[in-house]
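Step one of this worksheet: look at the structure below.
Chains as they are written, first to last, in my numbering: chain A, -3 to 690; chain B, 165 to 376; chain C, 12 to 181.
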């Protein structure tokens, strides 16, 4: 019953989207507003239908209706309720269903908030949104149909992938990721709508687009950081970023969207870079589709666990359709999009934005090209190469360092032109800070050039951005005779977009500094210990292995080690790294124990143990400042919220903006979730060699 | 809307088509299938001790005997990597054992190398599986396995009469494929016998590939 | 006129700075993970320890060797994992490979020789960072070309756009 209902809802959504596309196009070309209005209604109906379909799937999962194909695939009576619900996005079909629902929701909100906007922009955008939706509906009734009938109905299922039911972050990261990833369809739809309606020449669409991009970007930022956190808490190798194709897939559109958020300001302020901005928006969307294709087609070997099948060809076809449509639309219009630029001086914020865009797109290029290069080498050379973490680190760390520098320079330079005196004032303190950090690092014995550069430029950027707040607030203190905190608060509210942006900068600086610190000063040691034995780790820190323990849970067996943390021989805490043996999986899944302090984490992983509990191999990793990465993620999101929050009516900044879109606010509320981003399914760290199958 | 179709076409042909072509090519490849550089090269030499004798009288060796790859020049040697915890190994076991007995009169030698496993576990597994025609060797530290570029078990290497790796089987060996390969090696290079006998080893071998 | 000159000098500064940023990172791109200087220096140490003792030093006993082993282990891909290095992976095969790396380096082999060994057994696939040769040069140098051309474009464009023009309404 549930099965039929869900499938019927998806089929009806498919029919509605075909109708909606037809009605909107007819209405636009034959100037029949009633047809356009009907297409808008179709968007709402699609959202209702997809909500029904998704609700039906959740119901089927919760009631363990194993006659439904997807439930039989990921469900299990012994899985806790929370993990049963979130297994909605735990495998391919469910994730496509969830994607379809998020897209339908975005479409409905976009259309609803802009339904009264005159002109063809919104109707054409709805055509683009429904076309993308249509594709996902086709997947849902075709190769990714989750509603297949299982007969005879099994009594129980294997349960979700153990890696996905091992941590609560799996309930946080994927929804954030989809909100960010799918959210990038909205700016793309606006760009298509602007191109098709001819409104691309007015500056209006870019403002509309920028706020939507900002909210999607905030979700994506949080999703990326939450994914790093998940990977750190679950995979047991003590790292948070491995440059896996799945991680790259979420990172590529983030980079281009970041570039767009900056260059859009240049277009709004100076009317330049029109073509460039359209390109960035379109690229961002295409990269989300490319990323989805890469992670779901099995084309690139990755940690993801999505099963492969014919769906890869559907994604390839869709990728081709989107790419060629975009090239034709943008390429065919590019003449009209050329904008003559004018700059007052090379020493201006505009110039910095140009370099910001160069490095962000260069970064994207490294990631995209590096991810696809194995295919290229195979095609032209027949060779099988790996592009792994050492490559990406080598290539991107210098770019990150350059971006940190620009992140300080940009806010410090005024629009148009900076005078010599302004330059001197702006850079005296930050420059001094940077030099002091270099000296300090050298004195402390650091020799890694990029490590020193990253610290020093993070300090530089930090002071530059803080100085913006301080200088602005002081000006208010003088002008309005306000107390400093009041002045600061009013400063931020008077120009949320700008100071929210600087807040996001501070978040990025935190992440950058914490990543540099944790990778420069990471320390690890492992040993095989008998109960009661102590291993000296570093300095006054040592750990004592107390005992092994085990317990049975419905869906798994858990084996853990009690480990005491000692400082100068005094016990200061206990930790319990574990290994989980899931019934449906041969390889155990580790649960490392993490003890977080502001100065860093002690991270302990149980590597091996003997059956009699008389010895355990434990690995202790000291991870300085890692918690600040997660905090930085929250600060980034907070900055985006402040920035996207609609300006109060009294101080309108978004000139010519018809109707403030409230999604920024919405994004903000949700965005305070702790956590952020990446790979859907992660590494299979096989303690033993897997066997070859077929 | 004035379209510049020429530019649109140019971009499609210059950017769109190559990108799609590259991705389409990618769809024809399996990233999990990694080519071994070994076929066509000299088989890595090893010296390993026997821990299970082998049931076939022509292949039998005593526990504690040492197998030296270098002493098998001129012979076809099949090196199979296996483990008691490996499920695929159960699939290939019977067929491989039978093929070994079948080709023993032709002078083809089979050795099973135990990967990442305890000898006791290996012995228990062998008795459960009803014995094995050829001897099993231990490989402490997996040195031989790494020397052969092992990814997983089972993997099976066929070394020809000139001491070169002729083929690598990944996963359970299909006995029919093994027979075809051994027959072609015997036909191309003459009998399988230790160097010093009068076997002419001359003709070029069929090119070795990876997988099947 | 003076204003123009000031602009130009700033342009020069930006170009110079960009060149520094661009060139600095990739001086090592062509080199293999092993740095020749390090090889020579530590190779002797290892050889020295070999003379007195054929036993491979255990981890923790020889910090120099530990570092060298770690550097090599970081660029070797664990064959049974997903894109992880054998340094990071707890898999048995990774542990065994790490032990082999240690043994080979303790017996005096250079980073380069150890990597060559693994490439001969597993193919280039085993390197987490491809060798900068042949078609692989593309993956190292195209991003550099991208950034250099981009910088050039920005310099040209900024130069053009900062030309005093009659006020136009853009």
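Every residue, glycine too, gets a C-beta built ideally from N, C-alpha and C.
{"Query": "Beta-ladder partner(s) of residue 534 of chain A, from DSSP", "Result": "A:537"}
{"Query": "Contact under 7 Å by Cβ, residue 55 of chain A with residue 127 of chain A", "Result": "no"}
{"Query": "Alpha helix (DSSP H) segment containing residue 393 of chain A, residue limits", "Result": "385 to 408"}
{"Query": "Beta-carbon proximity list for residue 282 of chain B, same chain, < 7 Å, skipping 5 on both sides", "Result": "none"}
{"Query": "Interface partners of residue 254 of chain A on chain C, CB under 7 Å", "Result": "Residues of chain C passing the Cβ test: none, with the nearest at roughly 16 Å."}
{"Query": "Residue environment, residue 364 of chain B, which counts as buried when at least 16 other CB atoms sit within 10 Å", "Result": "Its pLDDT being 44, under 50, residue 364 of chain B is placed unreliably in this model, and the coordinates cannot settle the point."}
{"Query": "Residue 359 of chain B versus residue 96 of chain C: straight-line alpha-carbon distance, rounded", "Result": "42 Å"}
{"Query": "Interfacial residues, the stretch 368 to 391 of chain A to chain B, with Cβ spacing under 8 Å", "Result": "368, 370, 371, 372, 374, 375, 380"}
{"Query": "Environment of residue 625 of chain A [buried if 16+ CB atoms lie within 10 Å]", "Result": "buried"}
{"Query": "Inter-stretch contact at 8 Å, needing at least 3 Cβ pairs: the stretch 612 to 624 of chain A / the stretch 524 to 543 of chain A", "Result": "yes"}
{"Query": "Collapsed DSSP secondary structure at residue 193 of chain B in the structure displayed", "Result": "coil"}
{"Query": "Touch test, the stretch 345 to 359 of chain A against the stretch 387 to 398 of chain A, Cβ-Cβ under 8 Å, three pairs minimum", "Result": "yes"}
{"Query": "Where residue 477 of chain A falls, given that 16 or more other Cβ within 10 Å makes a residue buried", "Result": "exposed"}
{"Query": "Assumed close pair residue 223 of chain B, residue 340 of chain B - CB separation to whole angstroms, cut-off 8 Å", "Result": "No, residue 223 of chain B and residue 340 of chain B are not in contact; Cβ-Cβ is about 21 Å, not under 8 Å."}
{"Query": "Residue span of the alpha helix (DSSP H) that contains residue 123 of chain B, given as start and end", "Result": "Lying before the first or after the last residue shown, residue 123 of chain B is absent from chain B, which here runs from 165 to 376."}
{"Query": "Element boundaries [beta strand (DSSP E), containing residue 569 of chain A]", "Result": "566 to 571"}
{"Query": "Chain C residues whose Cβ lies nearer than 8 Å to that of residue 339 of chain A", "Result": "169, 172, 173"}
{"Query": "Check whether residue 140 of chain C and residue 83 of chain C have beta carbons under 7 Å apart", "Result": "no"}
{"Query": "Helix, strand or coil at residue 302 of chain B [DSSP, three-state]", "Result": "strand"}
{"Query": "Short Cβ contact (7 Å threshold) for residue 576 of chain A with residue 588 of chain A", "Result": "no"}
{"Query": "Outcome for residue 376 of chain A when other beta-carbon atoms lying within 10 angstroms are tallied against a minimum of 16", "Result": "exposed"}
{"Query": "Contiguous alpha helix (DSSP H) assignments of at least 4 residues, all confined to the stretch 275 to 346 of chain B", "Result": "283 to 292, 307 to 311"}
{"Query": "Whole-angstrom distance between residue 246 of chain B and residue 329 of chain B, CA atom to CA atom", "Result": "18 Å"}
{"Query": "Identified DSSP bridge partners for residue 230 of chain C", "Result": "Since the first residue of chain C shown is 12 and the last is 181, residue 230 of chain C is not available in this structure."}
{"Query": "Buried or exposed by the 16-neighbour rule on C-beta atoms within 10 Å, applied to residue 549 of chain A", "Result": "exposed"}
{"Query": "Interface residues of the stretch 103 to 133 of chain C facing chain A [CB-CB below 7 Å]", "Result": "103, 104"}
{"Query": "Distance, residue 187 of chain A Cα to residue 168 of chain B Cα", "Result": "18 Å"}
{"Query": "Meets three-Cβ-pair contact criterion under 8 Å: the stretch 88 to 107 of chain A and the stretch 118 to 138 of chain A", "Result": "yes"}
{"Query": "Limits of the beta strand (DSSP E) - the one that residue 733 of chain A falls within", "Result": "Outside the shown range of chain A, which is -3 to 690, sits residue 733 of chain A, and nothing can be said about it."}
{"Query": "Where residue 37 of chain A falls: helix, strand or coil (DSSP)", "Result": "helix"}
{"Query": "Alpha carbon of residue 393 of chain A to alpha carbon of residue 84 of chain A, nearest angstrom", "Result": "37 Å"}
{"Query": "Minimum Cβ-Cβ distance from residue 90 of chain C to chain B less than 7 Å", "Result": "yes"}
{"Query": "Where the beta strand (DSSP E) through residue 553 of chain A begins and ends", "Result": "552 to 563"}
{"Query": "Counted within 10 angstroms of its Cβ, other Cβ atoms place residue 46 of chain C as buried (16 or more) or exposed", "Result": "Residue placement at residue 46 of chain C cannot be trusted, given a pLDDT of 30 that sits under 50; the coordinates are not used to answer."}
{"Query": "Beta-carbon separation (whole angstroms), residue 247 of chain A vs residue 174 of chain A, contact threshold 8 Å", "Result": "Wrong, their Cβ atoms sit about 16 Å apart, outside the cutoff."}
{"Query": "Secondary structure of residue 520 of chain A, DSSP reduced to three states", "Result": "strand"}
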